[in-house]
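Residue numbers (UniProt numbering): 1 to 358. Cβ coordinates follow ideal geometry from the N, Cα and C atoms, glycine included.
Structure follows, in structure tokens:
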């Protein structure tokens, strides 16, 4: 497999990105554009697409996740109480950080403050030699609420960062090969978690593909078989899609691709084609219908990805980007020393207040 060239270190230009508060990068380890795994390099930093997230649906998502995690009593919360504590978000494996707006929303929903010490989209590389994790953020607030947020926030960040890391690696392989089409995910996402997974693809530099069934009409084999033919399926779809929505047709042969193009499809997906047959079919499509977008998909892995790049292929989509990724290793640890002092201060303040009332 092709390896993307290493880029310049991003440590000196690490900036904080958060909706709540910010600090300069600190702690052990650092962010870097260099990686033996081919994660850093050509697509070293992608600006966060956080501004595209609608606030009300995001709030509904977060509230649903928190309610799912704590539907009734939180006995553990009774143990720690509401004493003010600090916790460090630790990154323990190389990863492209993603999911920050979703984690922020979780912390915000529970009245917590968070200070991000790294920027979303940065390749984070903990200092392996020192066995010290990289501090990505500091979360502060009532201990009980920190622990309420902990697992939900970590589940978001570990999964989103895993997807972003894998997406970044795939995009860098494409750029290193001199191919400048789109590496895309698919609709093979987790119900209730799709927005996070699609967002993570963007942070990693990949394309989301269609966001959902409403975003674009994709006619697959079941649609065609039910309609009777590709031509009938495309014609019927166009009556609803109109001029403003694209229609894509999944094709299993060159003949199907020709029929789809002749029927007015905007995109043809050459599905499960061997690389040699793929490039031959793509060339025929581009010669006859230059404006049609050609997508390669089906069984493409990180190892086989470079074989699908070609001058007549516009998009390579991979379900593995959101299905077969390793989650990043992150944890959230409360500051024991600081917490003990804060507990003593809180206790002293309560005693002083009681004496004042007397």
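Counting C-beta atoms within 10 angstroms of its own C-beta, residue 145 has 16 or more neighbours from the protein chains shown and is therefore classed as buried. Between residue 76 and residue 147, the CB-CB gap stays under 8 Å.
Taking C-beta atoms as the reference points, residue 181 and residue 322 fail to come closer than 8 Å.
With a cut-off of 8 Å on Cβ pairs, the region 294-312 is not in contact with the region 50-60, counting fewer than three such pairs. Runs of beta strand (DSSP E) with 3 or more residues, each lying fully within the region 43-121, are found at 84-91 and 113-116, listed in chain order.
Distance from the CA of residue 305 to the CA of residue 179, rounded to the nearest whole angstrom, comes to 11 Å. In the DSSP assignment, residue 182 falls within the unbroken beta strand (DSSP E) covering 182-184.
Sequence-distant Cβ neighbours of residue 183 in its own chain, meaning closer than 6 Å and more than five residues away, are 170, 171, 174, 206 and 316.
Take the alpha-carbon of residue 282 and the one of residue 209: they are about 19 Å apart. Contact between the region 217-237 and the region 78-94 is absent: fewer than three C-beta pairs spanning the two stretches fall below 8 Å. As a beta-bridge residue in DSSP terms, residue 250 pairs with 269. Sequence-distant partners of residue 278 (beyond 5 residues in either direction) whose C-beta falls short of 6 Å from its own C-beta, in its chain, are 270 and 296. Residue 108 and residue 115 have their alpha carbons spaced roughly 12 Å apart.
The beta-carbon separation of residue 256 and residue 230, rounded to 6 Å, stays under the 8 Å limit for a contact. A distance below 6 Å between beta-carbons, with the five flanking residues on each side excluded, links residue 101 to the following residues of its chain, in chain order: 50 and 53. If you draw a straight line from the Cα of residue 95 to the Cα of residue 307, it comes to about 26 Å. Secondary structure within the region 120-179: the beta strand (DSSP E) runs of 3 or more consecutive residues, fully enclosed, are 123-125 and 134-142 (chain order).
Annotation: the continuous beta strand (DSSP E) that includes residue 333 extends over 330-334. Contact check for residue 285 against residue 314 fails: the beta carbons are separated by 8 Å or more.
From the listed residues 177, 199 and 264, the smallest Cα separation to residue 309 is found for 177. Counted as a single uninterrupted DSSP element, the stretch harbouring residue 229 is not any alpha helix (DSSP H), since DSSP gives it neither H nor E. Residue 207 carries a strand assignment under DSSP once its states are collapsed to helix, strand and coil.
If the five residues before and after residue 233 are omitted, its C-beta is found closer than 6 Å to the C-beta atoms of 219, 223, 224 and 227, all from its own chain and listed in chain order. In the DSSP assignment, residue 304 falls outside any alpha helix (DSSP H) and carries neither an H nor an E.
Nearest C-alpha to residue 91 among 335, 328 and 334: 328.
In this structure, DSSP gives residue 320 a helical state, which the three-state scheme calls helix. The continuous beta strand (DSSP E) containing residue 219 extends over residues 217-219. Residue 64 is not a Cβ neighbour of residue 97, given a cutoff of 8 Å. In the structure shown, the three-state DSSP call for residue 313 is coil.
In this structure, residue 140 places its C-beta atom within 8 Å of the C-beta atom of residue 84. Exposed is the label assigned to residue 243, since fewer than 16 other Cβ atoms lie within 10 Å of its Cβ. Inclusion of residue 201 and residue 156 in the CB contact set at 8 Å is not warranted, their separation being larger than that value. In the three-state reduction of the DSSP assignment, residue 257 falls in the helix class. A direct Cα-to-Cα measurement between residue 258 and residue 199 gives close to 34 Å.
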